[in-house]
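Undergrad:
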Amino acid sequence: MDSLFINGTEISPKVTFDVKKNIFELSGISRPEDVVAFYDSIIFKIENYINGILSKQADVKDFKFNLKFDLVYMNSASSKYILQILDVFKKLMTKGVEIIIDWYYEDPDDQIYEDGEDLSDVIKIPFNLIARK
Amino acid sequence: MTEVKTLLNYKGALNYKVLNHLLSNLNELSEKGSLDNYFYKKIQIIMIELIENNYQYLKNSKLAKDTNLFDSEFKLIQTDEGFKIFSSNPIRVCDAGFLKSHIDQINKSDPNKLRTIYKQILTDGIYSSKRTAGIGLMRIAKVAKNKIHYTFKQIDNNLLNYSIEIEISSR
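Which chain is which? The protein sequence lines are V and U, in order.
The opening position of the first sequence corresponds to residue 1 in the numbering used here, with each subsequent residue numbered one higher.
The opening position of the second sequence corresponds to residue 1001 in the numbering used here, with each subsequent residue numbered one higher.
1) According to DSSP, what are the bridge partners of Val15 (chain V)?
2) Using 8 Å as the cut-off, can you tell me whether the segment 1101-1118 of chain U makes contact with the segment 1023-1037 of chain U, which would need three or more C-beta pairs spanning the two stretches below that distance?
3) Could you give the first and the last residue of the continuous beta strand (DSSP E) run that contains Thr1002 (chain U)?
4) Over the uninterrupted beta strand (DSSP E) stretch that includes Leu31 (chain V), give me the two end residues.
5) Below 8 Å between beta carbons is the criterion; list the residues of the segment 1096-1121 of chain U that meet it against any residue of chain V, in chain order.
6) Hey, is Ile46 (chain V)'s beta-carbon within less than 9 Å of any beta-carbon in chain U?
7) Using a Cβ cut-off of 9 Å (strictly closer), state whether Val97 (chain V) contacts chain U.
8) Taking all protein chains shown into account, decide if Thr1002 (chain U) is buried (16 or more other Cβ within 10 angstroms of its Cβ) or exposed.
9) Can at least three beta-carbon pairs, one atom from the segment 42-56 of chain V and one from the segment 1090-1098 of chain U, be found at a separation below 8 Å?
10) Using beta carbons (cut-off 9 Å, strictly below), is Leu119 (chain V) in contact with chain U?
11) Does chain V have any CB closer than 9 Å to the CB of Lys1059 (chain U)?
12) How about Lys56 (chain V): is its C-beta nearer than 9 Å to some C-beta of chain U?
13) Measuring alpha carbon to alpha carbon, tell me which of U:Tyr1118, U:Val1093, U:Cys1094 ends up nearest Gln1105 (chain U).
14) Answer with buried or exposed for Asp118 (chain V), where buried requires no fewer than 16 other C-beta atoms within 10 angstroms of its C-beta.
15) Strictly by DSSP, which residues pair up with Lys1011 (chain U)?
16) Return yes when the Cβ of Ile50 (chain V) is within less than 9 Å of the Cβ of Lys91 (chain V), no when it is not.
17) Run down chain V in chain order and give the residues with a C-beta less than 7 Å from the C-beta of Gly1125 (chain U).
18) Could you say which of U:Tyr1162, U:Met1047, U:Lys1041 lies nearest to Asn1015 (chain U) if we only look at CA atoms?
19) Taking the alpha helix (DSSP H) that Val122 (chain V) belongs to, which residues open and close that run?
20) For Pro1111 (chain U), which of helix, strand or coil comes out of DSSP?
21) Is DSSP giving Ser1170 (chain U) helix, strand or coil here?
22) Rounded C-beta distance between Arg132 (chain V) and Tyr113 (chain V)? I'm assuming under 8 Å.
23) Ile1135 (chain U) touches chain V at which residues, Cβ-Cβ below 8 Å?
24) In terms of DSSP beta bridges, what is Arg1139 (chain U) paired with?
25) Would you mind stating whether Val1018 (chain U) and Gly1012 (chain U) have Cβ atoms separated by less than 9 Å?
26) Can you give me the C-alpha to C-alpha distance between Phe1086 (chain U) and Ser3 (chain V), rounded to a whole angstrom?
27) Does any C-beta atom of chain V lie closer than 9 Å to the C-beta of Tyr1038 (chain U)?
28) For Ile125 (chain V) and Thr1006 (chain U), what's the separation of their Cα atoms in angstroms?
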């Protein structure tokens, strides 16, 4: 399966889903005008890839995936779809795959910091909250 | 809270182009030093959530195209204590009940309770058929750390004018 790369715009995030390096990254601003159309195709691609791994590999315990969220702004509609992305990766976690989630923020007073805490609580996966340099 | 100056004032059709234009005006105000980074970030979040929320109600009521008759309004006002955001737009009478009870629930919740409800709605809504998460107004209250004041005024038998006012105080 090919990796997925989408350039960021003033309203939509840059997306990198690199299946060779086992990296998923979302960065920039996430408030796409059609949030469903934007995220559905990304989620579909990730889900297909992960279902493929789970069906082909008997033992995925040595597998590791890095998720990086470096968002400057995220609207409330995007949070629903980011949770769906996290939930798909959670399937791998339940099979013993190590999933590392790095969530970047500029200032601990920013909403994006609280968003990281809230999404981590909702999906029940710990996030590394990292101050952006 | 005394009004000092109106910084943004828009009346007319509401859509994503208008939102982007208002955000660009807000950015200019920040660059000119009319508002510091603390307020800029908060106002940006509230503007986006409020206008996207209002636009959804307009779209649902199929009023988005018929904006000459029912203009939406958005204002950013500087006060002696911080800033005030005002918005108004038409909604269907049938949407008012949910909005009223939703805002009342937000207003009577302390910050901890609000955050708990916010996370519960996110949890319940991950795979719901709704396009959005349904947490926009809660996010506004979380960011502003103030109550949401609202009014509904009758336009005709089918429509109401829904207005919101929210204050953003200094740290």
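Using N, Cα and C, we set each Cβ at its ideal position, and we do this for glycine too.
TA: Checking against the coordinates, here is how it stands:
1) Counted from its first residue, the first sequence places residue 15 (chain V) at position 15. V:Ile6, V:Leu26.
2) no
3) As a working mapping, residue 1002 (chain U) is identified with position 2 in the second sequence. No beta strand (DSSP E) holds Thr1002 (chain U); DSSP gives it neither H nor E.
4) Start at 1 with the first residue of the first sequence, and residue 31 (chain V) comes out as number 31. Note that residue 31 (chain V) is Arg in the sequence shown, not Leu. Arg31 (chain V) -> no beta strand (DSSP E), and no H or E assigned at all.
5) Arg1115, Tyr1118, Lys1119
6) The residue labelled residue 46 (chain V) in the question sits at position 46 within the first sequence. Chain U contact via Cβ: absent.
7) As a first step, residue 97 (chain V) is located in the first sequence; it is residue number 97 there, counting from the start. For Val97 (chain V), the answer is no, since every Cβ of chain U falls outside 9 Å of its Cβ.
8) Numbered from its first residue, the second sequence carries residue 1002 (chain U) at position 2. When all chains shown are included, Thr1002 (chain U) counts as exposed.
9) Result no; under three Cβ-Cβ pairs closer than 8 Å.
10) Reading the first sequence from its first residue, position 119 is the one you call residue 119 (chain V). True, the Cβ-Cβ gap to chain U drops below 9 Å.
11) Within the second sequence, the letter at position 59 stands for residue 1059 (chain U). No, because no Cβ of chain V sits closer than 9 Å to the Cβ of Lys1059 (chain U).
12) On the first sequence, residue 56 (chain V) is found 56 positions in, with the first residue counted as 1. Chain U contact via Cβ: absent.
13) One-based indexing of the second sequence puts residue 1105 (chain U) at position 105. Of U:Tyr1118, U:Val1093, U:Cys1094, the residue nearest in Cα terms is U:Tyr1118.
14) The residue labelled residue 118 (chain V) in the question sits at position 118 within the first sequence. Classification of Asp118 (chain V): buried, given that the 10 Å Cβ count is 16 or more.
15) Here residue 1011 (chain U) is taken as the residue at index 11 of the second sequence, counted from 1. Note: Lys1011 (chain U) sits in a beta bridge opposite U:Glu1073.
16) Here residue 91 (chain V) corresponds to residue number 91 of the first sequence, with the count starting at 1. Here residue 50 (chain V) corresponds to residue number 50 of the first sequence, with the count starting at 1. Yes, these two residues count as a Cβ contact at 9 Å.
17) Against the second sequence, residue 1125 (chain U) aligns to sequence position 125. Going along chain V in sequence order, the residues near Gly1125 (chain U) (Cβ under 7 Å) are Lys80.
18) Taking the first residue of the second sequence as 1, we reach residue 1015 (chain U) at position 15. For Asn1015 (chain U), the closest C-alpha among the options U:Tyr1162, U:Met1047, U:Lys1041 is that of U:Met1047.
19) Here residue 122 (chain V) refers to the residue found at position 122 of the first sequence. Per DSSP, Val122 (chain V) belongs to the alpha helix (DSSP H) from 111-123.
20) Taking the first residue of the second sequence as position 1, residue 1111 (chain U) is located at position 111. Helix at Pro1111 (chain U).
21) Residue mapping note: residue 1170 (chain U) aligns to position 170 of the second sequence, counting from 1. Here Ser1170 (chain U) sits in coil by DSSP.
22) In the first sequence, the residue the question calls residue 132 (chain V) occupies position 132. In the first sequence, the residue the question calls residue 113 (chain V) occupies position 113. With a Cβ gap of about 10 Å, Arg132 (chain V) and Tyr113 (chain V) do not count as contacting.
23) Here residue 1135 (chain U) refers to the residue found at position 135 of the second sequence. By Cβ distance, chain V contributes Ser76, Ser79.
24) Taking the second sequence and counting its residues from 1, one reaches residue 1139 (chain U) at position 139. Partner(s): none; Arg1139 (chain U) has no beta bridge.
25) As a working note, residue 1018 (chain U) is residue 18 in the second sequence. As a working note, residue 1012 (chain U) is residue 12 in the second sequence. Yes, the Cβ-Cβ distance between Val1018 (chain U) and Gly1012 (chain U) is below 9 Å.
26) Residue 1086 (chain U) sits at position 86 when you count from the first residue of the second sequence. Residue 3 (chain V) sits at position 3 when you count from the first residue of the first sequence. Rounded to whole angstroms, Phe1086 (chain U) to Ser3 (chain V) spans 45 Å at the Cα level.
27) On the second sequence, residue 1038 (chain U) is found 38 positions in, with the first residue counted as 1. At least one chain V Cβ lies under 9 Å of Tyr1038 (chain U).
28) One-based indexing of the first sequence puts residue 125 (chain V) at position 125. One-based indexing of the second sequence puts residue 1006 (chain U) at position 6. Taking the straight line from one Cα to the other gives about 44 Å.
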